[in-house]
DNA sequence: CGCAATACAATATGGTCATACTGTTATAGT
DNA sequence: ACTATAACAGTATGACCATATTGTATTGCG
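In structure tokens:
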């Protein structure tokens, strides 16, 4: 009966405000008023859509995780068309967790900032956990596929491998966030490709390393 | 001429107050008054020793990093007496970064909480960076020793290996902090020992895996 | 039309917190 | 013993911020 609005769009607008403030000023300096200003709306409207700041932050972290998952999936899909080997698709996906361009830098910063907050907020913690599990599950699935194709050593535990490889990517991403010099970026890429080579020895023994061109394939 | 006090001890007392509050309530809920209360001193005294909250937090992170480094060094020294192989000493050191008992859980929580804050504070960022480099340098040195003893494949870049292995340990620690179930703990240990086995193939080909007893050697 | 529900804005309020400020106690050096 | 100075305590202040409250505009619907 009354006036209507595009809730989805409004929430996205507000969450984008939070994300911009969090990226430029830091997550701890996000305020209701600041986010509202950045989003171009009033404080009252933010309250209209989110009943507390915590709710707003939870929706923000959900948005960040969603974006990252989408980018990972897109990268894997692209790699699927260009490459044959599973390890190449997996490497393409893992690269999306690294802060190697503006977009990824922003999302990685947000993700790791929220990871810090998640240590002191139950709801954020839960989201973080679920997201990490989702990433590990993707990696595990890739390993499972590798097992089926005979590209992975029989006896390998896909869940364990997924857990380990996501942990590695996460740790590398955190360090790149602190200092992403030339060497560090190269080391991070090398660490991922080396891990891939170890997990995917191929049907016969590996004869050559993964081409470095894959590394930064968009 | 005037009344004197043990500055070192007082600072430690205050920093311990901060650490206790940060562990129980979360780093973001640390306040001057709360830390003072926990330390059993007045707000005025905290101000007497630290001219700002930022100074206090910087000294706190320094204290955390110092404790972790000491524990790592102690663990490596103990392993040096009990084991022959460098990889065993290194594994012992890396285990100290995992939240596998109360003491380590506390320090790991603090370390990763501060890592989040470091993304928005220049001084904390600098401390974090230095600490990470210090850990990586230790790992690199171990690899260098392995090269000399012929336990590591010639051509290995010690700095790159150190960087990668610390990143892995860090990522695993962060995930254990979120969820340290039986499987996850076992996976984390396995990931470290597997990495060690890959880096230290030994003078001749590896015949057996590292004994699992090392894993939780205190 | 008209009215009720919703979208949105602006301001008020109450609490928290870092820091400033003021006061007190104890002691090293003369 | 006196006093300057450092060690320590308690309170005041002013800013910031999440949330509550109140008011206004818009529009779907009977």
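Chains as they are written, first to last, in this note's numbering: chain A, 1123 to 1340; chain B, 1123 to 1340.
Ideal Cβ placement from N, Cα and C applies to all residues, glycine included.
Computed from a predicted structure; not experimentally measured.
Practice problem: Mind checking which residues open and close the alpha helix (DSSP H) that includes residue 1267 of chain B? | Solution: Looking up residue 1267 of chain B in the second chain gives position 145. Element bounds for residue 1267 of chain B: 1244-1271.
Exercise. Measure from the C-beta of residue 1301 of chain B to each C-beta in chain A and report whether the shortest distance is under 7 angstroms.
Key: For the purposes of this step, residue 1301 of chain B is identified with residue 179 of the second chain, where counting begins at 1. It does; some Cβ of chain A falls within 7 angstroms.
Practice problem: Measure the beta-carbon distance from residue 1295 of chain A to residue 1219 of chain A and round it to whole angstroms, keeping in mind my assumption that it falls under 8 angstroms. | Solution: As a working note, residue 1295 of chain A is residue 173 in the first chain. As a working note, residue 1219 of chain A is residue 97 in the first chain. That pair is a contact at about 5 angstroms.
Exercise. Select from the segment 1231-1247 of chain A all residues with a C-beta closer than 9 angstroms to any C-beta belonging to chain B, and list them in chain order.
Key: 1231, 1234, 1235, 1236, 1237, 1238, 1239, 1240, 1241, 1242, 1243 and 1247
Quiz item: If you run the structure through DSSP and keep just helix, strand and coil, what is residue 1218 of chain A?
Solution: Position 96 of the first chain holds residue 1218 of chain A. Three-state result, residue 1218 of chain A: coil.
Quiz item: What do you reckon, are the CB atoms on residue 1137 of chain A and residue 1144 of chain A nearer than 7 angstroms?
Solution: Locating residue 1137 of chain A in the first chain gives position 15, where the first residue counts as 1. Locating residue 1144 of chain A in the first chain gives position 22, where the first residue counts as 1. Contact: no.
Quiz item: Alpha carbon to alpha carbon, how far is residue 1130 of chain B from residue 1208 of chain B?
Solution: Within the second chain, the letter at position 8 stands for residue 1130 of chain B. Within the second chain, the letter at position 86 stands for residue 1208 of chain B. Each residue's Cα considered, the two are about 36 angstroms apart.
Quiz prompt | Endpoints, alpha helix (DSSP H) assigned at residue 1290 of chain A | solution = By 1-based counting over the first chain, the position of residue 1290 of chain A is 168. Counting along the chain, the alpha helix (DSSP H) containing residue 1290 of chain A begins and ends at 1280-1300.
Quiz item: Got a sec: is the Cβ-Cβ distance from residue 1251 of chain B to anything in chain A below 7 angstroms?
Solution: Working through the second chain from its first residue, we reach residue 1251 of chain B at position 129. Chain A, which has a Cβ nearer than 7 angstroms to the Cβ of residue 1251 of chain B, makes this yes.
Practice problem: Measure the alpha-carbon distance for residue 1306 of chain A versus residue 1251 of chain B and round it to whole angstroms. | Solution: For the purposes of this step, residue 1306 of chain A is identified with residue 184 of the first chain, where counting begins at 1. For the purposes of this step, residue 1251 of chain B is identified with residue 129 of the second chain, where counting begins at 1. Their backbone Cα atoms lie some 13 angstroms apart in a straight line.
Quiz prompt | residue 1283 of chain B, buried or exposed, once every other Cβ within 10 Å from all chains shown has been counted against 16 | solution = To locate residue 1283 of chain B, count along the second chain from 1; it is residue 161. Per the 10 Å Cβ criterion, buried.
Quiz item: When the Cα of residue 1228 of chain B is compared with those of A:1236, A:1227, A:1230 and A:1241, which residue comes out closest?
Solution: Taking the second chain and counting its residues from 1, the one referred to as residue 1228 of chain B is at position 106. Of A:1236, A:1227, A:1230 and A:1241, the residue nearest in Cα terms is A:1241.
Practice problem: Use the C-beta contact count for residue 1280 of chain B: other C-beta atoms within 10 angstroms, 16 or more gives buried, fewer gives exposed. | Solution: In the second chain, counting from the first residue as 1, residue 1280 of chain B sits at position 158. Classification for residue 1280 of chain B: buried.
Quiz prompt | Run of the alpha helix (DSSP H) containing residue 1180 of chain A, from where it starts to where it stops | solution = Position 58 of the first chain, counted from the first residue, corresponds to residue 1180 of chain A. Residue 1180 of chain A -> alpha helix (DSSP H) spans 1175-1204.
Quiz item: Hey, how far is the Cα of residue 1311 of chain B from the Cα of residue 1155 of chain A?
Solution: Taking the second chain and counting its residues from 1, the one referred to as residue 1311 of chain B is at position 189. Taking the first chain and counting its residues from 1, the one referred to as residue 1155 of chain A is at position 33. When rounded, the distance between both Cα atoms is 46 angstroms.
Exercise. Quick one: which residues of the segment 1249-1275 of chain B get their C-beta closer than 8 angstroms to a C-beta of chain A? List them in chain order.
Key: 1250, 1251 and 1254
Quiz item: Is residue 1186 of chain B near residue 1232 of chain B, with beta carbons less than 7 angstroms apart?
Solution: By one-based count along the second chain, residue 1186 of chain B stands at place 64. By one-based count along the second chain, residue 1232 of chain B stands at place 110. For residue 1186 of chain B and residue 1232 of chain B, yes; Cβs fall inside 7 angstroms.
Practice problem: Have a look at residue 1243 of chain B and residue 1297 of chain B and give me their C-alpha separation to the nearest angstrom. | Solution: Numbered from 1 along the second chain, position 121 holds the residue referred to as residue 1243 of chain B. Numbered from 1 along the second chain, position 175 holds the residue referred to as residue 1297 of chain B. Residue 1243 of chain B and residue 1297 of chain B: Cα-Cα distance of roughly 24 angstroms.
Quiz item: What do you get for residue 1292 of chain B, buried or exposed, if any count of 16 or more other CB atoms within 10 angstroms of its CB means buried?
Solution: The residue labelled residue 1292 of chain B in the question sits at position 170 within the second chain. Residue 1292 of chain B is buried by the Cβ-count criterion.
Quiz item: Residues of chain A with a CB under 7 angstroms from the CB of residue 1290 of chain B: which are they?
Solution: The residue you call residue 1290 of chain B lines up with position 168 of the second chain. Residues of chain A passing the Cβ test: 1289, 1290 and 1293.
Quiz item: Starting from residue 1127 of chain B and walking both ways along the alpha helix (DSSP H), at which residues does that stretch end?
Solution: Residue numbering aside, residue 1127 of chain B sits at position 5 when the second chain is read from its first letter. Where residue 1127 of chain B is concerned, there is no enclosing alpha helix (DSSP H), because DSSP gives it neither an H nor an E.
Exercise. Taking only beta-carbon positions, decide if residue 1142 of chain B is within less than 7 angstroms of chain A.
Key: In the second chain, residue 1142 of chain B corresponds to position 20, counting from 1. Judged by the 7 angstroms Cβ criterion, residue 1142 of chain B is not in contact with chain A.
Exercise. Determine the direct distance from the alpha carbon of residue 1277 of chain B to that of residue 1176 of chain A, and round the result to whole angstroms.
Key: One-based indexing of the first chain puts residue 1176 of chain A at position 54. One-based indexing of the second chain puts residue 1277 of chain B at position 155. Computed Cα separation, rounded: 51 angstroms.
Practice problem: Out of A:1212, A:1245, A:1290 and A:1300, state which residue places its alpha-carbon closest to the alpha-carbon of residue 1366 of chain A. | Solution: There is simply no residue 1366 of chain A to check, as chain A begins at 1123 and stops at 1340 in what is shown.
Self-check item: residue 1309 of chain A versus residue 1167 of chain A: straight-line alpha-carbon distance, rounded
Solution: Along the first chain, read from residue 1 onward, the residue named residue 1309 of chain A stands at position 187. Along the first chain, read from residue 1 onward, the residue named residue 1167 of chain A stands at position 45. One C-alpha to the other measures close to 46 angstroms.
Quiz item: Between residue 1297 of chain A and chain B, is there a C-beta pair that is closer than 7 angstroms?
Solution: Numbered from 1 along the first chain, position 175 holds the residue referred to as residue 1297 of chain A. Among the residues facing chain B, residue 1297 of chain A is included, as its CB has a counterpart in that chain under 7 angstroms away.
Exercise. Report yes or no: is there a C-beta of chain B within less than 7 angstroms of the C-beta of residue 1148 of chain A?
Key: Locating residue 1148 of chain A in the first chain gives position 26, where the first residue counts as 1. Closer than 7 angstroms: yes.
Exercise. Determine the burial state of residue 1315 of chain B: buried for a count of at least 16 other Cβ atoms within 10 Å of its Cβ, exposed for fewer.
Key: Position 193 of the second chain, counted from the start, is the residue given in the question as residue 1315 of chain B. With 16 or more Cβ atoms within 10 Å of its Cβ, residue 1315 of chain B is classed as buried.
Quiz item: What residues of chain B sit near residue 1312 of chain A, judged by a beta carbon separation below 7 angstroms?
Solution: For the purposes of this step, residue 1312 of chain A is taken as the residue at position 190 of the first chain. Neighbours of residue 1312 of chain A on chain B, chain order: 1282.
Quiz item: So is residue 1286 of chain B in contact with chain A if we call contact Cβ pairs under 7 angstroms?
Solution: Here the question's residue 1286 of chain B lines up with position 164 in the second chain. It does; some Cβ of chain A falls within 7 angstroms.
Quiz item: Assuming residue 1181 of chain B contacts residue 1133 of chain B under a Cβ cut-off of 8 angstroms, what Cβ separation, rounded to an integer in Å, is found between them?
Solution: Mapped onto the second chain, residue 1181 of chain B falls at position 59. Mapped onto the second chain, residue 1133 of chain B falls at position 11. So it is a contact: roughly 7 angstroms between Cβ atoms.
Exercise. Find out if the Cβ-Cβ distance for the pair residue 1196 of chain A, residue 1214 of chain A is shorter than 7 angstroms.
Key: Numbered from 1 along the first chain, position 74 holds the residue referred to as residue 1196 of chain A. Numbered from 1 along the first chain, position 92 holds the residue referred to as residue 1214 of chain A. In this structure, residue 1214 of chain A does not lie closer than 7 angstroms to residue 1196 of chain A by Cβ.
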